[in-house]
Amino acid sequence: MIRSMTGFTRETRAFEWGTLTVELSSVNHRYQEISPRLPREMASLEPLITGRLRQGIGRGKIRCSVELHWAPQFRTATLDATVLSNYHTQLAELAERLGTGETPPLASLLSLPGVFESPSVLTGIEDELNAALEALLEQAIKHLQAMRSTEGTNLLHAIEEYLNAFESLLNSLEKAWDPKRDQAIEDMRSRITNLLEAMSIEVDQNRVAQEVVILSDKWDISEEFVRSRSHLKQFAAVLNGKSSEGRKLDFLLQEMNREINTMGSKISDAELRWMVVEAKSLLEKIREQVQNVE
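Our numbering puts the first residue of the sequence shown at 23, with every later residue one more than the last.
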């Protein structure tokens, strides 16, 4: 069963120490590309998260955002009194040299770099925090994959609709081509025979038949029909297989498009050429859907 590369989920859970949120989104991409964004306190977990995402999700451009909001009692910045004192001393000395007599206001000092040490995770909850993130990540992956599967079902229905229309058009094209091919061969045989008779050259029907076969190969599209049906059969098998193989579908679609283009270059009949144009249009619609298959 095919899966889409498009999906989104946002998982949030509250704990005694704060609130943890994992947001996953994915869009179509030629390969698997993972972009994690974590708070500073959890930066060391990036390899673990990237590895789990790589294992749990297939092809696509995957963004993972982790947000951590601490409860006030678990996250308090530390005032560095030494740094604050040094700032005050230097500014007081500067004010004295300039003769301003001003005392640096405390509020201004508190905003200077280094006065407050960045808050850190309180000792004793690191393991709990890491376990909570892993559990929430697993839940997010599960829900993202579920959404990608649902979107994949929608893609499947759209692709099958276009594929059925393409197969029907291919049948109509072949049905219309058969009598025109037979007539074209007969017309060619007659022209060659008449030309030889007009030139008073003895007509060898076996030789004429050989020349007709050689010339007809340049515009006969019978082999293109055979190959197109073979690709069509393989495409349907991959589409309804157990795994999602977007790259294989894309390859088979290119092969079908190649056969249709060859038909278009060989056909001169206006009615048949228009049918070829319609077939190419259907293949393009299928391609647009396949581009988002994992």
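Beta carbons: idealized from backbone N, C-alpha and C, even for Gly. Source: prediction; values computed, not measured.
Mind checking who residue i pairs with in its DSSP beta bridge?
i, result
"residue 30", "47"
"residue 54", "82"
"residue 39", "DSSP lists no partner for residue 39."
"residue 274", "The partner list for residue 274 (beta bridge, DSSP) is empty, contrary to what the question assumes."
Among the options, which one has its Cα closest to the Cα of residue i?
i, options, result
"residue 184", "30, 258, 27, 168", "258"
"residue 298", "121, 285, 109, 76", "285"
"residue 242", "287, 91, 264, 262", "287"
"residue 41", "130, 70, 150", "150"
"residue 307", "290, 87, 181", "181"
Looking only at its chain, what residues have a beta carbon closer than 6 Å to the beta carbon of residue i, apart from the 5 residues adjacent to it on each side?
i, result
"residue 304", "184, 187, 188"
"residue 253", "274, 277, 278"
"residue 39", "93, 96, 147"
"residue 165", "31"
"residue 270", "260"
"residue 44", "33, 88, 158, 159, 162"
"residue 46", "31, 86, 162, 166"
"residue 170", "25, 26, 29"
On the CB-based measure, 16 or more other CB atoms within 10 Å of its CB, does residue i come out buried or exposed?
i, result
"residue 392", "Outside the displayed range of the chain (23 to 316) lies residue 392, so it cannot be described from this structure."
"residue 33", "buried"
"residue 195", "buried"
"residue 66", "exposed"
"residue 245", "exposed"
"residue 248", "exposed"
"residue 290", "exposed"
"residue 108", "exposed"
"residue 281", "buried"
"residue 199", "buried"
"residue 55", "exposed"
"residue 263", "exposed"
Leaving aside the five residues before and after residue i along the sequence, list all residues of the same chain whose C-beta is less than 7 Å from its C-beta, in chain order.
i, result
"residue 152", "67"
"residue 173", "26, 28, 29"
"residue 256", "274"
Might you give, ordered along the chain, the residues of its own chain that have their beta carbon closer than 8 Å to the beta carbon of residue i, omitting 5 neighbours on each side?
i, result
"residue 74", "156, 159, 160, 163"
"residue 202", "291, 294"
Next item on the list: Answer yes if the stretch 35-54 comes into contact with the stretch 80-94, meaning at least three C-beta pairs across the two stretches below 8 Å, and no otherwise.
Entry: yes
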